[in-house]
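Be aware that the sequence shown starts at 20, since it is given in our numbering, and climbs by one per residue.
C-beta atoms are modelled at their ideal positions from N, C-alpha and C, and glycine is treated no differently.
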Amino acid sequence: MKLRLTTSAAAVLLGAFSGTVSAASLRSASLSSDSASVDVYASEEDTHEKMPGDDDDFHYHSNDDYDDDDYECFNVFANMKHNALQNYENSPDMKAKGYTSCTLCSGGGRHPKVTCNDALVTNLYTTVIVSHFHFCTDLSHDGETCSGPPVINCCGTNGTGIDPAPGYIKKCAETDTTTHMAAIGDMMCQVVDDESIPVTQSMTASQRIQDIKKNPHQYYFNFHSRSSWAHWAPGDPKGMCRGRIELFPSSSTAVEMERELGDEEK
Numbered sequence: 020m021k022l023r024l025t026t027s028a029a030a031v032l033l034g035a036f037s038g039t040v041s042a043a044s045l046r047s048a049s050l051s052s053d054s055a056s057v058d059v060y061a062s063e064e065d066t067h068e069k070m071p072g073d074d075d076d077f078h079y080h081s082n083d084d085y086d087d088d089d090y091e092c093f094n095v096f097a098n099m100k101h102n103a104l105q106n107y108e109n110s111p112d113m114k115a116k117g118y119t120s121c122t123l124c125s126g127g128g129r130h131p132k133v134t135c136n137d138a139l140v141t142n143l144y145t146t147v148i149v150s151h152f153h154f155c156t157d158l159s160h161d162g163e164t165c166s167g168p169p170v171i172n173c174c175g176t177n178g179t180g181i182d183p184a185p186g187y188i189k190k191c192a193e194t195d196t197t198t199h200m201a202a203i204g205d206m207m208c209q210v211v212d213d214e215s216i217p218v219t220q221s222m223t224a225s226q227r228i229q230d231i232k233k234n235p236h237q238y239y240f241n242f243h244s245r246s247s248w249a250h251w252a253p254g255d256p257k258g259m260c261r262g263r264i265e266l267f268p269s270s271s272t273a274v275e276m277e278r279e280l281g282d283e284e285k
């Protein structure tokens, strides 16, 4: 499935890079679609353990919280920048910022489908090597400032040491050394199912997608560059450009993708 930004969304994207974008303008942007997406396979695990450091008031969502009879698609976006958590002395990407938008579909016992086909990162001086949706596991539970493990792999290079199972379908686009930009489209994402990351075993892949819709502020999208990985690896790969997940209003992209997936079932 390929997504195209409409005129209003393109204006929002340019605003994001100039620092003038607002939450209201982001939510007013819409997307359109023209083809199908890629299957992502669900985990069969149905267990969950509370992570160390969780506070008692925070509810980790279990399988019982969701109705698998429902099937739905929705759109999300992240307005990203290099933040204080990712900064280090002489970082070549300390001014990096960007935007990504994705369509997620889940439910009804079907394999979820996740695509992120509109993404752009600017002020890059190294190469983007991997990207993920992350889930907050620290006490803030705020995708703007929290930290946590990857729960969905998007573009990336397998064998980097930051490639949780099942790995990546496609590499990230190279950085243009003239413009210092990376247009990272056609990201076919996969829900992480890695026994070394306990939170990825807490729910099925479809339930993970539903949780993102119910609790988007507890997730963030993160790009990792070659320089950030070299600095932070192996113990604490913070990435170099990140942003909290936000929901788009209902749009033609989600409606059309839902229709396409319904046709596949016939």
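- Separation of Ser244 and Gly262 (C-alpha to C-alpha, rounded to the nearest whole angstrom) is 15 Å.
- Scanning its chain for C-beta atoms nearer than 7 Å, with the 5 sequence neighbours on each side dropped, one finds around Lys114 the residues His101, Asn142, in chain order.
- Taking one beta carbon from each stretch, the region 196-203 and the region 213-225 have fewer than 3 pairs nearer than 8 Å; the two do not touch.
- Between Asp157 and Gln237, the alpha-carbon positions lie close to 10 Å from each other.
- By the neighbour-count definition (other C-beta atoms within 10 Å, threshold 16), Asp161 is an exposed residue.
- For the pair Val211 and Lys132, the Cα-to-Cα distance works out to about 13 Å.
- The residue from Leu123, Thr145, Cys260, Pro235 with its alpha-carbon nearest to that of Pro111 is Thr145.
- In this structure, DSSP gives Ala115 a state outside helix and strand, which the three-state scheme calls coil.
- Excluding residues up to 5 positions away in sequence, Ala97, Cys135, Ala138, Phe240 lie with their Cβ nearer than 6 Å to the Cβ of Thr119 in the same chain.
- With contacts defined by Cβ atoms closer than 7 Å, Ser150 and Cys165 do not form a contacting pair.
- Annotation: Phe154 to Met207 spans about 19 Å, alpha carbon to alpha carbon.
- Annotated as proximal: Trp251 and Lys257, with beta-carbon spacing under 7 Å.
- When secondary structure is reduced to three states using DSSP, Val218 falls in the helix class.
- For Lys132, the enclosing beta strand (DSSP E) begins and ends at 132-141.
- With fewer than 16 other CB atoms across the displayed protein chains lying within 10 angstroms of its CB, Pro253 is exposed.
- In chain order, Val149, Asn172, Cys173, Cys174, Gly175, Thr176, Asn177, Gln209 place their CB closer than 8 Å to the CB of Tyr187, counting only its own chain and leaving out the 5 sequence neighbours on each side.
- The C-beta of Asn94 has 16 or more other C-beta atoms within 10 Å across all chains shown, which makes the residue buried.
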